[in-house]
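All residue numbers for the sequence shown refer to this note's numbering, where the first residue is 115 and numbers rise by one.
Glycine residues also receive a C-beta, built at the ideal position from the N, C-alpha and C atoms.
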Amino acid sequence: MVASFLAATGARDQLLVARLAGALGRGNGLLVVALASSATTATIAAWAGAMLARTMSESAATMFVAIALLLAAGECAWPNRERAPREPTRSLGAIAIVLFARQLTDASRFLVAAFAVVFATWPLAALGGTIGGGAAVVLAWTLGRQLESRLPLRGLRIALAVLLFVLAMLTGLSARGIIG
Numbered sequence: 115m116v117a118s119f120l121a122a123t124g125a126r127d128q129l130l131v132a133r134l135a136g137a138l139g140r141g142n143g144l145l146v147v148a149l150a151s152s153a154t155t156a157t158i159a160a161w162a163g164a165m166l167a168r169t170m171s172e173s174a175a176t177m178f179v180a181i182a183l184l185l186a187a188g189e190c191a192w193p194n195r196e197r198a199p200r201e202p203t204r205s206l207g208a209i210a211i212v213l214f215a216r217q218l219t220d221a222s223r224f225l226v227a228a229f230a231v232v233f234a235t236w237p238l239a240a241l242g243g244t245i246g247g248g249a250a251v252v253l254a255w256t257l258g259r260q261l262e263s264r265l266p267l268r269g270l271r272i273a274l275a276v277l278l279f280v281l282a283m284l285t286g287l288s289a290r291g292i293i294g
């Protein structure tokens, strides 16, 4: 849950929700769509991780976790150059599609998939991802335009990328038997 929240902090979906809440107002429809998308993508990531885990040996599962951590680090380090939309859509369907696409491939969902591979019960990984990702979009919805000015998001994302990269390397080396 905490890892999912941290990985979602400053992510593209969180920034989109904050910018839309700032431009359109904090309508309940936006929050419901953001939370539903967060829950759906966390569940998909956890389920996919669990399905992969069934086909893997222990060392392969550990290597998968290393790769997921590496992908999450790359996604955190990738600069977000998007600007706030001048005339954002009010269509909740369009917002849901964009949020779903962004969340399905973000660092938080990579971590949820990794947790589902490691732990026996994927519903718990889905629940943690749902709560963590949901908390991130609620924070964005609550702060709106102030999110980017109040928090050092880029610095947090870089620090998280470095941490995830180090964890990925250590996990990968452990999977290969190079370190114990």
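9 Å Cβ cutoff met for V226 and L149: no
C-beta atoms of L277 and A228 nearer than 9 Å: no
Which of helix, strand or coil DSSP assigns to F233: coil
Nearest residue (CA-CA) to A233, options R197, G294, L261 and A175: Note on identity: in this sequence residue 233 is Phe, with Ala being the wrong assignment. Minimum Cα distance to F233 is reached at A175.
Other residues of its chain near A162: CB distance less than 7 Å, five sequence neighbours each side excluded: A227
Three-state class that DSSP yields for M315 in the structure shown: In this structure the chain extends from 115 to 294, so residue 315 is not present and cannot be described.
Option nearest A117 by Cα separation, candidates A221, V212, T154 and T157: A221
Own chain partners of A164 with C-beta closer than 6 Å, once the 5 adjacent residues on each side are dropped: Around A164, the same chain offers A230 and W236 as residues with beta carbons nearer than 6 Å, after the five sequence neighbours per side are excluded.
Inter-residue spacing [alpha-carbon to alpha-carbon] between V131 and L120: Using only the alpha carbons, I get a separation of about 16 Å.
Neighbourhood of I272 by C-beta distance below 8 Å, restricted to the same chain and skipping five residues each side: C190 and A191
Minimum C-alpha distance to M170 - residue among I293, G139 and A289: A289
Own chain partners of G286 with C-beta closer than 7 Å, once the 5 adjacent residues on each side are dropped: M177 and A180
Per-residue burial, E262 [other beta carbons within 10 Å of its own, 16 or more giving buried]: A residue is called buried when at least 16 other Cβ atoms come within 10 angstroms of its Cβ; E262 meets this threshold and is buried.
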